[in-house]
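Working notes, structure below.
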Amino acid sequence: MFARRSTFLSLLIAICGVIRYGTGGSRPVSVIAHMVNTPNSIRWALAQGANGIEIDLKFEDSHPARFHHGFPCDCTCFLSYATFHDSGCMVLGEGCSASTDVAEMTDFLGSTEIVSSPLALIYIDAKLDKSVPNYAEAGANVVRLFNDKVLARGYRGQIILGSSTISRSAFLRGALREAANSNYADRYFYAIGQEGKKADKVLKSSLQLGTRNIVYNTGASACFPYKTFYNAIRYSLQSKAYAAVGIWTVDQEGSIRNYLNAGVDFIVTNRPKVAADIIGRQNVPYLKQLPVS
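Now the structure itself:
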């Protein structure tokens, strides 16, 4: 197995510059804004200090159709309303129903506004269910779409493709094969993100993909902050197999600090400003902004 972070973080450092972490050493930590499924919410996330976005992709047959989470989501739980008035759920008012069709979203992500922005990471959470007849074909279609509409138009960051479970990892294999035949193979990373504490099984399945561009991501809805995944995070870090290891969806300040101390490389959150301020803006690997012509 190869050294952890060797691909993912070296690329981030190369395109974002050397990042100082705390008072010594260097360790960039990314802030990924959760469930930002409209251009308006993406603009908000970047203004809040996020260098990454998580968007939820739904399909018609095996074709990407729209970015939409649906009910239930973090915005439906009492915790978000009672405690976190600075979360995306409260500020944006879009809730679980926010939706953008694929053509509009990819046009935005490939636009000069985003190409010139500090957006370094796009995490695509594939919402796969039994209505999708061919997971591998769906994965290939996503790569074709983002190659043509986003990367070819100048987006400089990285894309993480997420399958919820091991049983749906054919999506990742299809995406990987398509990416390998393109000019952008090194820009794609692959994650199985909703297997809870089954870090050993996720590692085995991830290694079977046959690429070093694998990412570990686990967690639970921000509605359930009592669920913790420190052992799974430590196991995955110690494996030294992953390009990056992250946690979702973490909104409480204490939990953000605890996962940073555990060594995560990225945090998915509904409160990107809070996370960015705790990490320190100088430690978040933003893309160097380009002038807009």
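All residue numbers for the sequence shown refer to the numbering used here, where the first residue is 1 and numbers rise by one. Built from N, CA and C at the ideal position, the CB exists for glycine as well.
Taking the alpha-carbon of residue i as reference, which of the options has the nearest alpha-carbon?
{"i": "A98", "options": "I42, T269, G174 and L172", "result": "I42"}
{"i": "E54", "options": "S236, G263, V202 and D125", "result": "D125"}
{"i": "A47", "options": "C75, I233 and G88", "result": "G88"}
{"i": "A243", "options": "I279, L203, L260 and F229", "result": "L203"}
{"i": "K201", "options": "T165, Y286 and I160", "result": "T165"}
{"i": "F224", "options": "T249, A175 and N37", "result": "T249"}
{"i": "Y188", "options": "G95, V143, S236 and D277", "result": "V143"}
{"i": "G95", "options": "H85, R257, H69 and S182", "result": "H69"}
{"i": "T211", "options": "A175, Y235 and K227", "result": "A175"}
{"i": "L92", "options": "A120, M35 and Q282", "result": "M35"}
{"i": "N270", "options": "N258, K227 and I247", "result": "I247"}
{"i": "N40", "options": "M105, C75, N134 and P64", "result": "M105"}
{"i": "G254", "options": "Q208, V150 and T228", "result": "T228"}
{"i": "Q252", "options": "L151, D86 and L209", "result": "D86"}
{"i": "V245", "options": "A179, Y226, D265 and R177", "result": "D265"}
To which residues of the same chain is residue i closer than 7 Å at the C-beta, ignoring the five residues directly before and after it?
{"i": "G196", "result": "T218"}
{"i": "S169", "result": "S163, I192 and S205"}
{"i": "R66", "result": "K58, S99, T100, D101 and V102"}
{"i": "Q306", "result": "This structure does not reach residue 306, given that the chain is present from 1 up to 293, and the question cannot be answered."}
{"i": "A3", "result": "Here A3 scores only 39 on pLDDT, less than 50, and its place in the model is too uncertain to base an answer on."}
{"i": "R281", "result": "G49"}
{"i": "C75", "result": "C89, G95 and C96"}
{"i": "Y155", "result": "L109, G110, I114 and V115"}
{"i": "Q194", "result": "S164 and T165"}
Tell me whether residue i sits in a helix, a strand or coil according to DSSP, three-state version.
{"i": "G25", "result": "Its pLDDT being 38, under 50, G25 is placed unreliably in this model, and the coordinates cannot settle the point."}
{"i": "S206", "result": "helix"}
{"i": "K273", "result": "helix"}
{"i": "L57", "result": "strand"}
{"i": "A103", "result": "helix"}
{"i": "G128", "result": "For the sequence presented, residue 128 should be read as Leu rather than Gly. Of the three classes helix, strand and coil, the one that applies to L128 here is coil, per DSSP."}
{"i": "G263", "result": "coil"}
{"i": "L287", "result": "coil"}
{"i": "A140", "result": "helix"}
{"i": "G307", "result": "Any property of residue 307 remains undetermined from this structure, which presents the chain solely from 1 to 293."}
{"i": "L109", "result": "helix"}
{"i": "A3", "result": "The predicted model places A3 with a pLDDT of 39, which falls under 50 and marks its position as unreliable; any figure quoted below should be read in that light. Coil at A3, not helix or strand."}
Quick one: residues in its chain with C-beta nearer than 8 Å to the C-beta of residue i, no 5 flanking neighbours on either side, listed in chain order?
{"i": "V132", "result": "F59, D61, S62 and A138"}
{"i": "C77", "result": "S221, A222 and C223"}
{"i": "S182", "result": "V143 and N147"}
{"i": "F71", "result": "C96 and S97"}
{"i": "L260", "result": "V29, I267, I278 and I279"}
{"i": "V274", "result": "D86, D251, E253 and I256"}
{"i": "L145", "result": "P64, V102 and T106"}
Counting only beta-carbon atoms, is residue i nearer than 8 Å to chain C?
{"i": "C223", "result": "No chain C appears in this structure, which consists of one protein chain only."}
How far does the alpha helix (DSSP H) with residue i in it reach, from first residue to last?
{"i": "R43", "result": "P39 to Q48"}
{"i": "V31", "result": "Element bounds for V31: not the alpha helix (DSSP H) but the beta strand (DSSP E), S30 to A33."}
{"i": "V115", "result": "T112 to V115"}
{"i": "V91", "result": "G88 to L92"}
If I measure Cβ to Cβ from residue i and keep anything under 6 Å in the same chain, skipping five residues before and after, which residues do I get?
{"i": "A232", "result": "K197, A199 and T218"}
{"i": "P272", "result": "V31, A33, A45, Q48, G49 and A50"}
{"i": "G263", "result": "L237"}
{"i": "R153", "result": "G110"}
{"i": "I160", "result": "Y123, F189, A191 and V215"}
{"i": "A179", "result": "V143, A185 and Y188"}
Grab the span of the beta strand (DSSP E) containing residue i for me, first residue to last.
{"i": "F71", "result": "Where F71 is concerned, there is no enclosing beta strand (DSSP E), given that its DSSP letter is neither H nor E."}
Closer than 7 Å to a non-hydrogen atom of the ligand NAD - does that hold for the CB of residue i?
{"i": "L145", "result": "As presented, the structure is devoid of all ligands, the ligand NAD included, so that no description of it is given."}
### Message
Going residue by residue through the stretch 142–198, where are the continuous beta strand (DSSP E) segments of at least 3 residues, counting only ones entirely within it?
### Response
158–163 and 188–192
### Task
Let me know the alpha helix (DSSP H) ranges lying completely inside the stretch 197–261, each 4 residues or longer, listed in chain order.
199–207 and 230–239
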